[in-house]
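Chemist: Position 430, counted from 1, in the sequence shown is what this note's numbering calls 875; the numbers after and before it change by one each time, with no gaps.
To start, I am sharing the structure in question, which I have written as structure tokens.
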Amino acid sequence: MKQRITYLVEDPDSFTPEQLQVKDGSLSLIGLKAVQEHRVTFTLDELPTELRTSLKQWRELHIKWASHKPYTAIPPFTSRVSPGLHVSFTRRKSETTGQLCELIHTFFDPAAKCSSGPDANEVATPLFQVDEDGKQTASASLQYYTYLPHLTHFASFLSSNLCSASSQCADHAASLQDASSFDIDYTPSSRTLTLTSLTTPPSSGWKTLIPAPSPDRPGDTTEVGVLTHEPNPDPEDLAFAGFLTTLGPDAAPKPTRFQAPARHYPLPASSRDLAYSASFATPTGLHPTLELSFSPAGRLAPPDESCGLYAHLTLPSALFLDRYQFSDPLFLASKNLVSLRHVTGATDLEAPDWVVPQWGSAALVQLALPEQSPKDANTTASIPLHLRYLPAAPRAHTLVPAPWPVVFWACDMAQDPSGNPFDRVNLGYETAFAPGTRFMHVPPATGNGTAELVSWIAVPVLDTSAAGWVEMGTIGVVVAAFAGLCWVLFSGGGKREVQQDKKTQ
């Protein structure tokens, strides 16, 4: 097992080397206020037999999870996905949906919407993909999503099945409860399983001891880096300076400085305070409208002339987008939209939720930029959505989660960022752009009482607790109508009316 623990100091002026103390090959942190990236890599031989067998069924597997709680992303950890669990994979010919659902139910959420079937296409949906010329091509990779507010189930599974022989691994599993994001990556070519978590510091900073690897496990290594982000004149590189050390008998913090191109780059200084918020126009009804508001609007300027502003939506099956609405230029202009770049997944306009096998749908929408806008005003883009009919429930309304979309600038990039040790890929939307694309994420607004990056929609459903009264009332009306009809037919009233008509004639 190999560990790489990186701390990105938020305020370089508050950091002193005295906050790092090495003793007996271990490292102590004293009040270190820094974002922590903890990466653990297992070889296949270190995994339990059941898990190793399961992984061999996938040609490629990438799992991304993001918390519903707001957090501040600092370079180089600025990439984002919508809150919840995202799974992208490339299957082998023998793979079935049952194996995907077994993975989701066993590791993450036993109640997730995922039913076994003969074909993974029944549950998963294709990923966006374009070639180097910008043309859309067929993709062998599929994706799955479910809203998952926490990693409690996975942390318990990890602690009891994968970390039983390592206290450090068990500590990492327990820390997932506080993680802002979490990734799992597996590719057969590397023969490794990598787990990466990102955690914001406690209010008092990190006060912890990182022990040296146990002598009983000679293959284990632990590398620790404490870095700060430095200004860099190169507009496509990120520069870092700080200390690196490998824990063990010869551990000693060594000064270092390096720079590398980044696929996910921070906003320029002129737009550093730009943020967006997502909400639904009220009343939502069965055709809710998602509104994306930007503030301050005066900061909504493209970082470069090659940049476009996009929103990537991840919609559970209860919500969907009507692609035909986005074919009218006048309609798009009225909503501050440019185009619907891609949509994939469950988009049947008539199907109720209980007959939709897919997890939902994903859409990439290009947003329009305001020509002129006051600096103190918000700029809003509106995305019309639709709700499906939901199954009956013992209540009048069912709450449906609508995770906030990911909003970013997509710009041309001259350099290859593959040498960046913090590079993050397989997020579900970057394959919709040419390989040489740089992403600058607009962060969600964390003020104004924002408690979570998910909007909840109350959808009216048949209340089974009151359905008995509806049934009895319906039967009563039918019986009364039938009795009234029989009275008219057999009481002679109808005959008298006919005779009266004849006399009148």
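Where is the CB? At the ideal position from N, CA and C, for every residue including glycine.
Between which residues of its own chain and Thr701 is the CB-CB distance below 6 Å, once the five residues before and five after are set aside?
Modeler: Along the sequence shown, one-based indexing puts residue 701 at 256. Answer for Thr701: Leu689, listed in chain order.
Chemist: Once the 5 residues before and after Gly918 are set aside, which same chain residues still bring their CB inside 7 Å of it?
Modeler: As a working mapping, residue 918 is identified with position 473 in the sequence shown. Here the set comprises nothing.
Chemist: Just to confirm my understanding: we take Phe487, look at its own chain, exclude 5 residues before and 5 after, and list those with CB closer than 7 Å. What are they?
Modeler: Here residue 487 refers to the residue found at position 42 when the sequence shown is read from its first residue. So the qualifying residues of the chain are Met446, Thr637, Leu638.
Chemist: What are the residues that DSSP puts in a beta bridge with Arg536?
Modeler: The sequence position of residue 536 within the sequence shown is 91, counting from 1. Answer is Trp503.
Chemist: By Cβ distance below 6 Å, which residues in the same chain neighbour Gly753 in space, the five residues on each side in sequence not counted?
Modeler: Translated into positions along the sequence shown, residue 753 becomes position 308. Excluding sequence neighbours, Gly753 sits near Gln811, Ala855.
Chemist: My guess is that Leu607 and Ser626 are in contact by the Cβ rule of under 8 Å, so how many angstroms apart are they, rounded?
Modeler: Locating residue 607 in the sequence shown gives position 162, counting from the first residue. Locating residue 626 in the sequence shown gives position 181, counting from the first residue. 19 Å between Cβ atoms; not a contact.
Chemist: Can you check DSSP and say which residues form a bridge with Tyr430?
Modeler: One cannot answer for residue 430 here, as it falls past the ends of the chain, which runs 446 to 950.
Chemist: Please name the residue or residues paired with Cys856 in a DSSP beta bridge.
Modeler: Locating residue 856 in the sequence shown gives position 411, counting from the first residue. Answer is Arg883.
Chemist: Mark Trp901 as exposed unless 16 or more other C-beta atoms lie within 10 angstroms of its C-beta, in which case mark it buried.
Modeler: Taking the first residue of the sequence shown as 1, we reach residue 901 at position 456. That one is exposed.
Chemist: What do you reckon, are the CB atoms on Leu954 and Phe771 nearer than 8 Å?
Modeler: What is shown of the chain runs 446 to 950, which leaves residue 954 out entirely.
Chemist: Would you give the residue range spanned by the beta strand (DSSP E) that Pro806 belongs to?
Modeler: Locating residue 806 in the sequence shown gives position 361, where the first residue counts as 1. Position check: residue 806 holds Ser in this sequence, whereas Pro was assumed. Element bounds for Ser806: 805-812.
Chemist: Could you name the residues of the same chain whose beta carbon sits closer than 7 Å to that of Leu809, not counting the 5 residues immediately before and after it, in chain order?
Modeler: Residue numbering aside, residue 809 sits at position 364 when the sequence shown is read from its first letter. The residues are Phe573, Tyr755, His757, Arg786, His787, Tyr874, Ala877.
Chemist: Pair every Cβ in the region 698-712 with every Cβ in the region 861-870, then say whether three or more of these pairs are closer than 8 Å.
Modeler: Cβ pair count under 8 Å is three or more, so yes.
Chemist: Per DSSP, what are the beta-bridge partners of Val788 in this structure?
Modeler: Within the sequence shown, the letter at position 343 stands for residue 788. Its beta-bridge partners are Ala808.
Chemist: Could you tell me which whole beta strand (DSSP E) segments of length 3 or greater appear in the region 608-678?
Modeler: Runs found: 626-632, 637-644, 651-655, 666-675.
Chemist: Whole angstroms are fine: how far does the CA of Lys558 sit from the CA of Pro819?
Modeler: As a working note, residue 819 is residue 374 in the sequence shown. As a working note, residue 558 is residue 113 in the sequence shown. At Pro819, the pLDDT of 48 sits below 50, so the modelled position is not reliable and the matter cannot be decided from this model.
Chemist: Which partner residues of Gly687 appear in the DSSP bridge assignment?
Modeler: Residue mapping note: residue 687 aligns to position 242 of the sequence shown, counting from 1. Answer is Leu672, Thr701.
Chemist: Taking the alpha carbon of Val433 as the reference point, which residue from Ala600, Leu737, Pro728, Thr597 has its own alpha carbon closest?
Modeler: Past the boundaries of the shown model lies residue 433; the chain is included only from 446 to 950, so the question cannot be answered.
Chemist: My understanding is that Asp554 touches His598, with C-beta atoms under 8 Å, so please give their C-beta distance in whole angstroms.
Modeler: Taking the sequence shown and counting its residues from 1, the one referred to as residue 554 is at position 109. Taking the sequence shown and counting its residues from 1, the one referred to as residue 598 is at position 153. With 8 Å as the limit, Asp554 and His598 qualify as a contact, their Cβ atoms being about 6 Å apart.
Chemist: Could you tell me the distance, in whole angstroms, from the CA atom of Thr734 to the CA atom of Trp804?
Modeler: For this step, residue 734 is matched to residue 289 along the sequence shown. For this step, residue 804 is matched to residue 359 along the sequence shown. Each residue's Cα considered, the two are about 21 Å apart.
Chemist: Can the beta-carbon of Trp800 be found closer than 8 Å to that of His513?
Modeler: In the sequence shown, the residue the question calls residue 800 occupies position 355. In the sequence shown, the residue the question calls residue 513 occupies position 68. Contrary to the premise, residue 800 reads as Val rather than Trp in this sequence. The answer is no: Cβ separation not under 8 Å.
Chemist: Using alpha carbons as the reference points, say which of Leu844, Gln481, Ala796, Pro633 lies closest to Glu668.
Modeler: By 1-based counting over the sequence shown, the position of residue 668 is 223. Minimum Cα distance to Glu668 is reached at Gln481.
Chemist: Within 7 Å: the Cβ of Ala796 and any heavy atom of the ligand NAD?
Modeler: The ligand NAD is absent from the structure shown, which contains no ligand whatsoever.
Chemist: Take the Cβ of Ser649 as the centre, count every other Cβ of all protein chains shown within 10 Å, and call the residue buried at 16 or more, exposed below.
Modeler: Position 204 of the sequence shown, counting from 1, holds the residue named residue 649. Exposed.
Chemist: Does the region 831-840 come into contact with the region 612-622, if we say contact requires no fewer than three beta-carbon pairs (one atom in each stretch) closer than 8 Å?
Modeler: Touching, no, given that fewer than three Cβ pairs across the two stretches are closer than 8 Å.
Chemist: Could you say which of Gln466, Pro521, Tyr589 lies nearest to Lys699 if we only look at CA atoms?
Modeler: Residue numbering aside, residue 699 sits at position 254 when the sequence shown is read from its first letter. Among Gln466, Pro521, Tyr589, the Cα nearest to that of Lys699 is on Gln466.
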